[in-house]
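Adding 887 to a residue's 1-based position in the sequence shown gives its number in our numbering. For each residue, glycine too, the CB sits at the ideal point set by N, CA and C. Step one of this worksheet: look at the structure below.
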Amino acid sequence: MAKKESTFVSMVATLFVVTLVSAALLGSVYELTKEPIRLAELKKKNEAILLVVPGFDNVPSEKPDTVTVEGGELYFYTAKKGDEVLGTAVETFTNNGFSGEFKLMVGFAPDGTIIDIAVIKHAETPGLGDKMEKGKSDFSVQFMGQHPDNFNLAVMKDRGDVDAITASTISSRAYCEAVQRAYDALSQLK
């Protein structure tokens, strides 16, 4: 029996079939995981809203207000108990972290005072920049109860009121920038 020689057409056909099967598998995996990923992200967002503006009885994540700013969008979630507005959770971001973008959820009382801050997403250095997370340091505590009109949201090295995370000045500056961006946008909405 003679050995069959590969031709250009047979190689292209084989490559096409392999590519088609791979694309179908990749598309199937995407469709299977799309909804669970969306639900996990929504759960994390709702937990962050609850952390930064506790005590609400509505579902703030259903109808967020959106403001486009340089570099992206900010989302505003109004938290209410009955008809009383408890505050607004602002999903903010910065692209100036040591490892690029990170996102925060900042809770503001109706008068603009910071209630609390939660880190939603980051890729900062473990043991350094990741100390912005609750439970890893008390960094975020210094923002609680402060009003950005009376509290300079900049690190002390830049003549601000924020005590930076040791060895993580870039991450601390970016954190302050994200909080300031949230407050500025919230002030424009009012």
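Determine the direct distance from the alpha carbon of K1021 to that of G969, and round the result to whole angstroms.
29 Å
Within 10 angstroms of the Cβ of E1011, are there 16 or more other Cβ atoms? Answer buried if so, exposed if not.
buried
Residue range of the alpha helix (DSSP H) that includes D1071
T1056 to L1076
Which residue wins for smallest C-alpha separation from V972, given the options M1043, G999, G958 and M992?
G999
In terms of residue numbering, what span does the beta strand (DSSP E) encompassing F963 cover?
G959 to K968
With contact counted as at least three CB pairs below 8 Å, one residue from each stretch, are the stretch 894-912 and the stretch 926-935 in contact?
no
Helix, strand or coil for K1008? Go by DSSP, reduced to three states.
strand
The beta strand (DSSP E) spanning L973 covers which residue range?
E971 to G984
Taking buried to mean at least 16 other C-beta atoms within 10 Å of its own C-beta, is G959 buried or exposed?
exposed
Status (buried if at least 16 other CB within 10 Å, exposed otherwise) for G1016
buried
Over the uninterrupted alpha helix (DSSP H) stretch that includes V899, give me the two end residues.
F895 to V939
How would you write the range of the beta strand (DSSP E) that V956 sits in, first residue to last?
D952 to V956
Can the beta-carbon of G974 be found closer than 7 Å to that of A1005?
no
Out of L913, T1056, H1034 and H1009, which one is the CA nearest neighbour of T981?
H1009
Residues sharing a beta bridge with G994, DSSP
A976 and D1003
Please state the DSSP three-state secondary structure of Y989.
It should be noted that the sequence gives Phe, not Tyr, for residue 989. Here F989 sits in strand by DSSP.
From the DSSP secondary-structure annotation, give me the bridge partner or partners of V1028.
According to DSSP, V1028 bridges with nothing at all.
Which of the three DSSP states, helix, strand or coil, is assigned to K1044?
helix
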